Structure formats: C-alpha cells, structure tokens
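Q: Here my numbering is used: the first residue of the sequence shown is 145, the next is one more, and so on.
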Amino acid sequence: MTSKSMLAVAPATAQLAALRSGEISSSELLEVFLERVATHNGALNAVVTIDEEGGRRAAAAADRSRAAGEPLGPLHGLPITIKDAIEVAGLRSTGGARELAEHVPDRDAPAVRRLRAAGAVIFGKTNVPTWSADIQTSNQVFGTTSNPWDATRTSGGSSGGAAVAVACGFTGLELGTDIGGSIRIPSHCCGTFGLKPTYGVVPQRGYLDRVGGSTVDTDINVFGPLARSADDLALALAVLAGPDEDHPSGRRLDLPVDEPRRVPGRIGVWLDEPSCPLGTAVRQLLSDAAKRLSEDGWVVEDEHPLVSFPQQARLAQRLIGAAVSSGSGVGDASGGTDRAWSLARAERKAFEAIWREWFGRFDALLCPVLGVPAFPHDTGRPLMERVVDIDGHDVPHVAMIGWLGLIGVMGLPSVVAPVGRTADGLPVGVQIVTGWYQDYRAIAIARRLELLCGGYQVPPGL
145 MTSKSMLAVA PATAQLAALR SGEISSSELL EVFLERVATH NGALNAVVTI DEEGGRRAAA
205 AADRSRAAGE PLGPLHGLPI TIKDAIEVAG LRSTGGAREL AEHVPDRDAP AVRRLRAAGA
265 VIFGKTNVPT WSADIQTSNQ VFGTTSNPWD ATRTSGGSSG GAAVAVACGF TGLELGTDIG
325 GSIRIPSHCC GTFGLKPTYG VVPQRGYLDR VGGSTVDTDI NVFGPLARSA DDLALALAVL
385 AGPDEDHPSG RRLDLPVDEP RRVPGRIGVW LDEPSCPLGT AVRQLLSDAA KRLSEDGWVV
445 EDEHPLVSFP QQARLAQRLI GAAVSSGSGV GDASGGTDRA WSLARAERKA FEAIWREWFG
505 RFDALLCPVL GVPAFPHDTG RPLMERVVDI DGHDVPHVAM IGWLGLIGVM GLPSVVAPVG
565 RTADGLPVGV QIVTGWYQDY RAIAIARRLE LLCGGYQVPP GL
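(1) How many Å lie between H220 and A154 at the Cα?
(2) What are the start and end residues of the alpha helix (DSSP H) that includes V426?
(3) Once DSSP output is grouped into helix, strand and coil, what is the label at G412?
(4) With DSSP as the reference, label L174 as helix, strand or coil.
(5) At a cut of 8 Å, does the stretch 228 to 243 reach the stretch 162 to 180 through at least three beta carbon pairs?
(6) Could you pull the start and end residues of the alpha helix (DSSP H) that P254 belongs to?
(7) Starting from P454, trace the alpha helix (DSSP H) both ways and give me its first and last residue.
(8) How is A211 classed by DSSP in three states: helix, strand or coil?
(9) When we look at the beta-carbon of R492 and count the other beta-carbons within 10 Å, is it buried (16 or more) or exposed?
(10) Among V559, A567, H184, whose alpha-carbon lies nearest the alpha-carbon of G573?
(11) Do three or more CB pairs link the stretch 245 to 256 to the stretch 346 to 361 at distances below 8 Å?
(12) Go ahead and label D583 buried or exposed: buried means 16 or more other beta carbons lie within 10 angstroms of its beta carbon, across all protein chains shown.
(13) Give me whichever residues DSSP pairs with A561 in a beta bridge.
(14) In three-state terms, what does DSSP make of V285?
(15) Can you have a look at L173 and say buried or exposed, based on whether 16 or more other CB atoms are within 10 angstroms of its CB?
(16) So, for P557: in the same chain, excluding its five sequence neighbours on each side, which residues have a beta-carbon less than 6 Å away from its beta-carbon?
(17) Output yes if chain C places a C-beta closer than 8 Å to the C-beta of G221; else output no.
(18) Would you grab the beta carbon distance between V413 and D446 for me? Rounded to a whole angstrom, and I think it's under 8 Å.
(19) Is the stretch 522 to 533 close to the stretch 562 to 570, with three or more CB pairs under 8 Å?
(20) When DSSP labels each residue in this structure, what does G475 get in the three-state scheme?
(21) In this structure, what does DSSP give as the bridge partners for A508?
(22) Does DSSP put I224 in a helix, a strand or coil?
(23) Please tell me whether L339 and I230 are closer than 8 Å, where the distance is taken between their beta carbons.
(24) Among residues of its own chain, excluding the 5 on either side of T296, which ones have a beta-carbon nearer than 8 Å to its beta-carbon?
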C-alpha cells in the first residue's frame with residue numbers, strides 16, 4: 145500500500161494533520177479519494193453521486209487560503225461525502241427515492257453548512273434505502289450497496305453507503321442520519337465508528353425522508369458523523385453541535401466535555417434479553433470488550449435500567465412509525481389517533497424517568513447493536529417479512545433491531561465502536577450509551593475501547 149493509500153484509510157484527524165504540515169494538499173487528497181472510488185466503488189456501490197468539478201474547485205480554493213495564511217476552520221481542506229438523505233446545495237440529493245431522482249437543492253442543510261464553514265470540501269453523496277426506511281441499503285434509483293468485508297452481505301442501513309465510504313477510505317468523514325439505527329447498524333456491519341448524538345444537538349433540517357420533508361424536524365431522528373476513530377467523532381461533533389438557526393437567538397447548547405479519566409465511574413452491561421437474542425459470536429466479542437474494560441481498571445457491572453425491554457421496544461416502533469408517516473405524523477396505522485400519540489408520549493416520559501435515575505448512578509451502558517454481524521442481502525421481501533438466523537433460530541428483522549429503538553426513542557447519545565471480528569472475519573460493534581448531553585463521555589469510552597480492542601481495520605483488498 146502506498147503512503148497516499150495509507151493516508152486515505154487513516155483517521156480524519158491524521159489527514160488534517162497532513163494537510164496542515166504540507167505533506168499533502170487538499171487537491172491531492174481529493175484525487176486520492178477519487179481514484180479509490182473509481183477503483184473500488186463499482187463492486188460496492190457506496191458513492192452514488194460525484195461532483196468532481198465542484199470538489200476540485202473547492203479543494204483548490206482551500207489550498208489557496210492555506211497558502212495565503214488566512215484563518216482556517218477545523219476541517220479545512222478535508223474532502224468528505226454526505227448521505228444522500230441530506231440536502232446539499234447544487235448536488236443531486238434523492239433520499240433514494242424515484243420521486244426525487246433529479247432533485248438538486250438550492251441550499252445546504254444546516255449541518256452541511258456547518259461542515260462547509262469549518263472548511264470541509266464536499267464532493268459526493270452516498271447511497272441509502274428508499275426514504276432511509278430500511279436496515280439494508282438498496283433502492284430503485286441506484287441499486288444495492290454491498291459490505292466491503294463480504295460483498296454477499298448487507299452494508300446495513302440506512303447510512304449504508306456512508307459506512308462503506310468511510311470503511312473503504314473513499315472519504316475523510318461522513319454525515320449520516322439515525323432514527324431507528326441508521327448510523328449505528330451500518331457502523332456495526334462495516335467496522336466503523338458512528339455517533340448518534342443526543343436528540344436535538346445537531347440540526348436535522350434538510351432531511352429527505354419524504355417529498356417536502358426537508359422543511360420539518362422529525363421526532364427521534366438525528367444527524368451524526370461516521371468515521372474511522374473516536375477522535376474523528378469528537379472533531380465532527382464540535383463542528384456540528386449547536387442550536388438550529390431557526391430557534392430563538394437566546395437558546396444555547398453547551399455539551400460538557402468529559403474530562404479524560406482512567407476510571408470514569410460505573411459502566412453497566414446489558415446483553416441478556418430474551419425478546420432480542422444475541423448470536424454466540426456477537427455475545428463473545430461484546431463480553432470480551434466489557435472484560436477488557438474491567439481489566440483496564442474500569443468498574444463494569446452486569447446492570448441496566450429496570451425497564452421492560454419489550455414494552456419500550458413496542459413504544460419505539462409506534463413513535464418511529466408515526467415520525468416517518470406522511471403528513472403530520474399522526475393518524476396512520478403506526479401512529480394512531482391524537483390521543484394515542486399523547487399517551488405514547490406520556491409513556492415515553494415514564495421510561496425517561498427510569499433511565500434518568502439509572503444514569504445518576506452509572507456513567508454508561510454497553511449494549512448490542514444487532515444480534516448478528518452483517519447478514520446476507522435480502523432485498524426481495526418487505527422489512528416486516530424478513531428473518532435472520534441467530535444460532536439456528538429465525539428472528540424477525542423488526543425484532544432484532546429492538547436494541548436500536550430502545551436507545552433512540554429515549555433520545556440518548558450512543559457511540560458505536562468496533563470491538564473485533566467474528567471467525568468469518570465480519571466486524572462487530574458495541575453501543576456505548578450515556579446520559580442526555582453526555583455525548584463526549586460516550587466518545588471518551590469509545591476511545592479507550594479503540595485502544596483495547598483494535599478499533600477500525602481496513603477491509604481486505606482496500
């Protein structure tokens with residue numbers, strides 16, 4: 145592997161250091177990414193729209209600004225891609241839907257504006273399932289995205305193209321979205337780091353989950369980064385976090401930056417749930433990760449919030465169903481009547497009280513992403529009809545994703561960190577969940593697991 149190829153799969157923080165030192169220019173780094181996309185993307189179908197001309201103009205401008213000694217942002221000159229469910233001005237943004245196949249927005253989503261303002265060079269879009277409504281990535285506009293560790297398997301969804309682009313060194317960073325696991329599942333399947341921030345920390349306007357959907361906020365949904373290291377997540381969060389410009393000017397957001405401590409306190413572990421079982425290989429890797437933290441001096445206990453997993457998972461399904469439905473988000477088969485919506489929100493408040501009390505005693509919770517690593521492509525059936533084999537038992541996809549809804553419906557931050565690979569060579573990630581607005585604490589624990597478990601690894605042949 146050449147030095148430039150090695151830099152392509154290095155963390156964004158290392159790429160930015162190389163840009164600052166003059167080891168490589170923004171224009172040169174962009175060409176490295178474009179060459180890798182041209183060489184490897186065809187078999188994987190992660191990057192679906194490329195703006196070579198616009199990217200080269202922006203990279204050249206970044207190089208001129210650096211040479212002129214102008215003030216530079218924290219992402220200055222870093223070429224990145226954006227999930228195709230997020231509006232980018234002047235760049236085709238489809239949401240994976242035929243209805244928006246030729247949609248070219250005239251403005252950036254607020255989160256995209258922040259990335260540009262920090263100096264990022266945006267040069268492409270990555271694949272999603274139709275309206276981001278699947279745990280696989282496939283649509284009728286661009287087709288299916290495959291996993292770089294095994295092309296017969298899914299990349300996960302809905303930020304599947306984003307995770308593959310990060311895993312393969314096609315991009316410096318990625319911006320994804322997550323309502324039911326859409327950052328966390330692909331990160332787990334592809335061996336990358338991913339952050340689902342606290343709900344409301346990053347503006348989510350410009351989200352294409354329906355025609356006209358970019359103008360409203362969606363309950364539970366968040367925007368967040370996918371990357372090759374925990375430090376990259378922290379870097380991206382510092383750029384992305386802050387109140388939406390549409391909110392009153394008096395509103396502020398100050399995320400506490402967790403102090404770097406060897407033992408941050410108590411970490412609970414939740415692996416046993418009959419309604420959402422784990423395969424043997426996944427369980428072993430997650431148990432090993434918890435054991436390594438314990439041996440490293442952390443206080444790790446087999447404890448979790450005393451909530452009913454099935455009841456909270458059903459609540460998540462109802463509220464996510466309402467959030468992704470057309471119109472107001474109420475009155476459909478998933479959301480029910482206005483009264484049902486109000487009752488669901490009251491139920492969520494009751495669960496929040498239990499989680500809040502628990503996080504008053506514990507600093508984090510380790511729990512699974514999925515019960516299996518990346519599973520074989522299954523694009524011929526609707527989500528509700530699909531099953532996956534877990535140690536000889538057929539488990540419905542909608543049941544398997546209970547671990548994602550459990551956390552998402554609470555609006556809690558969750559970092560997915562890779563903790564190893566199965567005997568088949570497939571990566572496995574763990575969810576690191578912390579209390580509301582403790583996003584940097586989750587990242588700090590991910591940083592320690594990165595050292596203990598090996599972190600991101602380059603897929604074979606890349």
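Cβ atoms here follow ideal geometry from the backbone N, Cα and C, with glycine treated the same way.
Note that the structure is predicted; figures quoted are calculated from it, not measured.
A: Quick answer:
(1) 17 Å
(2) 424 to 439
(3) Here G412 carries a strand assignment [DSSP, helix/strand/coil].
(4) helix
(5) no
(6) 254 to 261
(7) 453 to 468
(8) Assigned with DSSP and collapsed to three states, A211 falls in helix.
(9) buried
(10) V559
(11) yes
(12) buried
(13) V574
(14) Under the three-state reduction of DSSP, V285 is assigned to coil, being neither helix nor strand.
(15) Buried, because 16 or more other Cβ atoms sit within 10 Å of the Cβ of L173.
(16) Within the same chain, Cβ atoms closer than 6 Å to the Cβ of P557 are found at P341, T342, T578, D583, A586, the five residues on either side in sequence being excluded.
(17) This model lacks chain C altogether; it includes just one protein chain.
(18) 5 Å
(19) With a cut-off of 8 Å, the stretch 562 to 570 and the stretch 522 to 533 do not count as touching, because too few Cβ pairs lie within range.
(20) Residue confidence is low: G475 scores 37 on pLDDT, short of 50, so the model does not pin down where it sits. No coordinate-derived value is stated.
(21) I411
(22) strand
(23) no
(24) S290, P520, H521
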